Amino acid sequence: MKDLVEIIAKALVDHPDEVEVTETEKQHEIFVELRVADSDMGKVIGRQGRIAKAIRSVLKAAGTQQDKHVLLDIVD
Numbered sequence: 004m005k006d007l008v009e010i011i012a013k014a015l016v017d018h019p020d021e022v023e024v025t026e027t028e029k030q031h032e033i034f035v036e037l038r039v040a041d042s043d044m045g046k047v048i049g050r051q052g053r054i055a056k057a058i059r060s061v062l063k064a065a066g067t068q069q070d071k072h073v074l075l076d077i078v079d
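Each residue of the sequence shown is one higher than the last, beginning at 4 in my numbering.
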């Protein structure tokens, strides 16, 4: 999941070298934390959170294949 979020985020932002993704797994849940540059925050979230929702949808679909629940947190 970490690699998937990293690829998507780096494609969206102007400063791909500042993208940081951490992943924590507990039983049937995977917590993914995404950090980007302050100037790129709007590009990752999108208008009314549409891009963030789309990323979460992709993660949910990928997690279903592994029988895991995936949570994405976009951190300032």
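Don't be surprised by glycine CBs; every beta carbon is placed ideally from N, CA and C.
On a predicted model such as this, the values are computed, not experimentally measured, just so you know.
Among the candidates the options, whose CA atom is the shortest distance from the CA of residue i?
| i | options | result |
| --- | --- | --- |
| Pro-19 | Leu-75, Ala-40 and Gly-66 | Ala-40 |
| Lys-13 | Glu-26, Thr-25 and Asp-43 | Asp-43 |
Do residue j and residue i count as a contact pair if the criterion is CB distance below 8 Å?
| i | j | result |
| --- | --- | --- |
| Val-8 | Arg-38 | no |
| Lys-56 | Val-16 | no |
| Ile-58 | Leu-74 | no |
| Met-4 | Ala-65 | yes |
On the DSSP bridge assignment, give the partners of residue i in chain order.
| i | result |
| --- | --- |
| Asp-76 | Glu-36 |
| Thr-25 | Glu-36 |
Assign residue i to buried or exposed, taking buried as 16 or more other Cβ atoms, counted over all protein chains shown, within 10 Å of its Cβ.
| i | result |
| --- | --- |
| Ile-10 | exposed |
Return the chain-ordered list of same chain residues with a C-beta closer than 6 Å to the C-beta of residue i, the five sequence neighbours on each side being excluded.
| i | result |
| --- | --- |
| Thr-27 | Phe-34 |
Ignore the nearest five residues each way along the sequence and tell me which others in residue i's own chain have a CB closer than 7 Å to its CB.
| i | result |
| --- | --- |
| Lys-71 | His-31, Glu-32 and Ile-33 |
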